[in-house]
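Taking our numbering, I'd label the letters of the sequence shown as residues -12 to 102.
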Amino acid sequence: MLAGKYGLKGYKNFKRVEKEGKIFQSNSFGVSFFKRGDKETSLFGFIVSNKISPDSTLRNRAKRALKEAVRLNLARIRPGFDVIFLAKQKILRQSTEVIMREVKEALNKADLVKY
């Protein structure tokens, strides 16, 4: 599970990423990221809306899969970014392995990895 110190918190921070950040779309989710300009660790937010599914079990499963994928790639992610993952309905039909692979590909394509 992704540690709390990596969590993006606060309405203002989410809105700043939404307004000023860049967006990358994957099949199962969108990634919005904003470069803060500091050397602190990158922070992550995860949004899985009620519009995706009214079943909280499915929403939480998707959120846990996204968090685990980020945790496994944390050492490769460049510092100084605020990143939000916004799930699409398609994520509910994906296995955890597919989600993890998509997150890795999305981070590479969005140029958020060191190497």
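Every residue, glycine too, gets a C-beta built ideally from N, C-alpha and C.
Taking just the CA atoms, how far does residue j sit from residue i?
i, j, result
"Arg23", "Gly67", "5 Å"
"Arg46", "Ser36", "8 Å"
"Thr129", "Leu30", "There is simply no residue 129 to check, as the chain begins at -12 and stops at 102 in what is shown."
"Arg58", "Lys38", "26 Å"
"Gly(-3)", "Ala(-10)", "17 Å"
"Met87", "Ser40", "20 Å"
"Ser43", "Leu(-5)", "21 Å"
"Phe11", "Leu94", "9 Å"
"Gly8", "Lys(-8)", "21 Å"
Of the residues the options, which one's Cα is nearest the Cα of residue i?
i, options, result
"Arg3", "Val70, Asn14 and Met(-12)", "Val70"
"Tyr102", "Asn60, Val85, Phe72 and Ala74", "Asn60"
"Glu27", "Met(-12), Lys50, Arg88 and Arg65", "Arg65"
"Glu92", "Ala56, Lys(-1), Leu79 and Ala62", "Ala56"
"Phe33", "Val85, Glu7, Phe1 and Glu89", "Phe1"
"Arg48", "Asp25, Lys9, Tyr(-7) and Gln81", "Gln81"
"Val90", "Gly8, Lys6 and Ala52", "Ala52"
"Leu79", "Tyr(-7), Lys50 and Lys6", "Lys50"
Can you round the beta-carbon distance between residue i and residue j to whole angstroms, since I take them to be within the 8 Å contact cut?
i, j, result
"Asn14", "Lys77", "6 Å"
"Phe20", "Leu73", "With a Cβ gap of about 11 Å, Phe20 and Leu73 do not count as contacting."
"Lys75", "Gly17", "7 Å"
Where do the N-terminal and C-terminal ends of the beta strand (DSSP E) with residue i fall, by residue?
i, result
"Ile71", "Phe68 to Ala74"
"Ile34", "Leu30 to Ile34"
"Lys22", "Phe16 to Lys22"
Which stretch, first to last residue, makes up the alpha helix (DSSP H) that contains residue i?
i, result
"Ile10", "It is not in any alpha helix (DSSP H) - Ile10 instead sits in the beta strand (DSSP E) that spans Lys9 to Gln12."
"Ser43", "Ser43 to Asn60"
"Leu(-5)", "Here Leu(-5) belongs to no alpha helix (DSSP H), and DSSP marks it neither H nor E."
"Ala93", "Thr83 to Lys96"
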